[in-house]
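J.: Sharing a structure, written as structure tokens. Questions coming.
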Amino acid sequence: MKSLFVFASLLLFVGCGTVQTRKSEPKKAEQATLQRFENIRQQVGKTSDTDVARLLMNFIKDTPESDITDDAQMLLGDLYYRHKRYSDALKAYTPIVSSQSYSPLYDKARIKSAYCLAFMNEDRKAYDLINAVINESKLSEADATNALKLKAELGRRFGSAIDQVETYYNLAKSADNPSLKKKF
Numbered sequence: 002m003k004s005l006f007v008f009a010s011l012l013l014f015v016g017c018g019t020v021q022t023r024k025s026e027p028k029k030a031e032q033a034t035l036q037r038f039e040n041i042r043q044q045v046g047k048t049s050d051t052d053v054a055r056l057l058m059n060f061i062k063d064t065p066e067s068d069i070t071d072d073a074q075m076l077l078g079d080l081y082y083r084h085k086r087y088s089d090a091l092k093a094y095t096p097i098v099s100s101q102s103y104s105p106l107y108d109k110a111r112i113k114s115a116y117c118l119a120f121m122n123e124d125r126k127a128y129d130l131i132n133a134v135i136n137e138s139k140l141s142e143a144d145a146t147n148a149l150k151l152k153a154e155l156g157r158r159f160g161s162a163i164d165q166v167e168t169y170y171n172l173a174k175s176a177d178n179p180s181l182k183k184k185f
């Protein structure tokens with residue numbers, strides 16, 4: 002009886018893990034909200050990053066369910082990332098990744114989150130995340146190259162030699178990089 006319970010629990014766990022939920026579409030931002038975000042975006046480089054970050058945090062708080070909120074989260078994460086505040090950047094990218102709404106920035110946020118984890122010396126978490134991104138997503142060429150570069154670096158740090166060679170091979174195939182292609 003105990004083995005039957007364990008089997009049923011395992012079956013439920015695996016079944017729940019493989020079912021993908023369909024993400025809902027976020028509500029469209031009103032024109033005033035779009036204009037407000039555009040005004041904040043134009044402040045980047047003109048105003049201190051601290052002030053822009055404050056404006057973005059207020060914007061995100063005021064418009065949590067809008068289709069433009071993920072853009073604000075990404076911009077906020079990028080500001081933190083640029084200043085090597087990887088923990089704060091990861092916190093900014095996380096709502097995009099964990100959102101119940103569909104976002105075209107989902108894969109980019111996962112890649113950037115993996116980079117943050119790597120810089121925070123969370124290599125195993127970064128490796129698992131970047132591996133999931135590579136295996137589950139249809140990435141643009143630039144995103145695939147970035148993901149494979151990170152996987153190769155993480156593989157160099159602690160992975161197997163076979164995994165590292167495979168990653169470099171895939172990177173050489175995906176990137177139009179003659180110096181990498183010469184290695185293979």
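This note's numbering applies: residue 2 is where the sequence shown begins, and numbers increase by one.
Here a beta-carbon is modelled for each residue, glycine too, at the ideal position from N, C-alpha and C.
(1) CB A110 to CB A119, shorter than 8 Å?
(2) Give the range of the alpha helix (DSSP H) segment to which L155 is assigned.
(3) I'd like to confirm the pairing. Which residues does DSSP put opposite V45 in its beta bridges?
(4) Smallest Cα separation from I69: which of M58, S25, F38, N147?
(5) Taking DSSP's pairing of strands, which residues face K28 in a bridge?
(6) Going by other Cβ atoms of all chains shown within 10 Å of its Cβ, with 16 needed for buried, is D72 buried or exposed?
(7) Between the Cα of P27 and those of I97, L91, G78, L149, spot the shortest distance and give me the residue it belongs to.
(8) What's the gap between the Cα of S100 and the Cα of A54?
(9) How about Y116 and L77: do their beta carbons lie closer than 8 Å?
(10) Would a C-beta distance cut-off of 8 Å place A90 and Y103 closer than the cut-off?
(11) Assign N132 to one of two classes, buried (16 or more other C-beta atoms within 10 Å of its C-beta) or exposed (fewer than that).
(12) Should K113 go down as buried or exposed, given a rule of 16 or more other Cβ atoms within 10 Å for buried?
T.: Concretely, from the data shown:
(1) For A110 and A119, no; Cβs fall outside 8 Å.
(2) Its alpha helix (DSSP H) spans residues 142–159.
(3) Per DSSP, T48.
(4) Among M58, S25, F38, N147, the Cα nearest to that of I69 is on F38.
(5) Its beta-bridge partners are S67.
(6) Counting every other CB atom within 10 Å of its CB across the protein chains shown gives D72 a total of 16 or more, marking it as buried.
(7) Ranked by how close their Cα comes to the Cα of P27, the residues I97, L91, G78, L149 have I97 in first place.
(8) Their Cα atoms are separated by approximately 21 Å.
(9) Result no, Cβ atoms of Y116 and L77 do not sit closer than 8 Å.
(10) The answer is no: Cβ separation not under 8 Å.
(11) Taking all protein chains shown into account, N132 has 16 or more neighbouring C-beta atoms within 10 Å of its C-beta and is therefore buried.
(12) Sixteen is the threshold: when 16 or more other Cβ atoms of the shown chains lie within 10 Å of the Cβ of K113, as they do, the residue is buried.
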